[in-house]
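**Q** If you scroll down you'll find the structure; I have some questions about it.
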Amino acid sequence: MSLQEVDMYSKILVLRFPKTEVKKPLVCYLARDYDLVFNILNAGILPRREGFMVLELSGTKKNFKEGVKYLKEQGVKVQNASQEVKRDEAVCTHCGSCTAVCPTGALAVQRPAMEVQFDQRKCSVCELCVPACPTRAMTAKPINQSFF
Ligand code: SF4
Ligand code: SF4
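Numbering-wise, the sequence shown is residues 1115 to 1262 according to my numbering.
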């Protein structure tokens, strides 16, 4: 294994953009100025016009760190994506609160039973449902190694 391979770094990140930055191609600058490779897994605009993006970012550890620093300087909130988000079925009351924030439709009300279904295959691990759930039924399992 070469030294360069050892130094390569890859992580799935959740970015949240302030309203003012939503239209700027900040992620393209990461590729151009920091030599990082990105793969956008999910993106959208949240109800309060804040943008979010889930992406896999790869590059050398040094460039990765500098790229993340650049994003933060632009007012972007950067988080590690969890490995997975799960629902505790015993605790869920099917209140529907989480469906209002889930950008991918992974949490959706099924009619006519009006039960909230969780389809983990559609989940982008953005974690927006975790604080939105009043009964703490939604939980995120974090990646052990934290970068930030
Ligand atoms: S917000 Fe929580 S309790 Fe309500 S439907 Fe979603 S997972 Fe269930
Ligand atoms: S983490 Fe929650 S809000 Fe985000 S996509 Fe998955 S189920 Fe939806």
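Heads up, the beta-carbon is just placed ideally off N, CA and C, and yes, glycines get one too.
Here's the rule: buried if 16 or more other CB atoms are within 10 angstroms of the residue's CB, otherwise exposed. What is L1203?
**A** On the sequence shown, position 89 is the one that residue 1203 refers to. Correcting the residue type first, residue 1203 is Glu in the shown sequence and not Leu. Result: exposed.
**Q** Identify which residue in K1236, V1230 and Y1184 has its Cα closest to the Cα of S1211.
**A** What you label residue 1211 is simply residue 97 of the sequence shown in a count that begins at 1. Checked all of K1236, V1230 and Y1184; the closest Cα to S1211 is V1230.
**Q** Could you check what DSSP says for V1223 in three-state terms: helix, strand or coil?
**A** The sequence position of residue 1223 within the sequence shown is 109, counting from 1. Reduced to three states, the DSSP call for V1223 is strand.
**Q** Can you tell me which of E1198, V1199 and L1242 puts its alpha carbon nearest to the alpha carbon of T1213?
**A** Residue mapping note: residue 1213 aligns to position 99 of the sequence shown, counting from 1. The shortest CA-to-CA distance from T1213 to any of E1198, V1199 and L1242 is the one to L1242.
**Q** Mapping the DSSP letters down to three states, classify L1150 as helix, strand or coil.
**A** Within the sequence shown, the letter at position 36 stands for residue 1150. Of the three classes helix, strand and coil, the one that applies to L1150 here is coil, per DSSP.
**Q** Return the chain-ordered ranges of every alpha helix (DSSP H) run that is complete within the stretch 1180-1232 and spans a minimum of 4 residues.
**A** none
**Q** Could you check what DSSP says for K1236 in three-state terms: helix, strand or coil?
**A** Locating residue 1236 in the sequence shown gives position 122, where the first residue counts as 1. Three-state DSSP puts K1236 in a helix.
**Q** Tell me the DSSP bridge mates of F1178?
**A** Position 64 of the sequence shown holds residue 1178. Partner(s): none; F1178 has no beta bridge.
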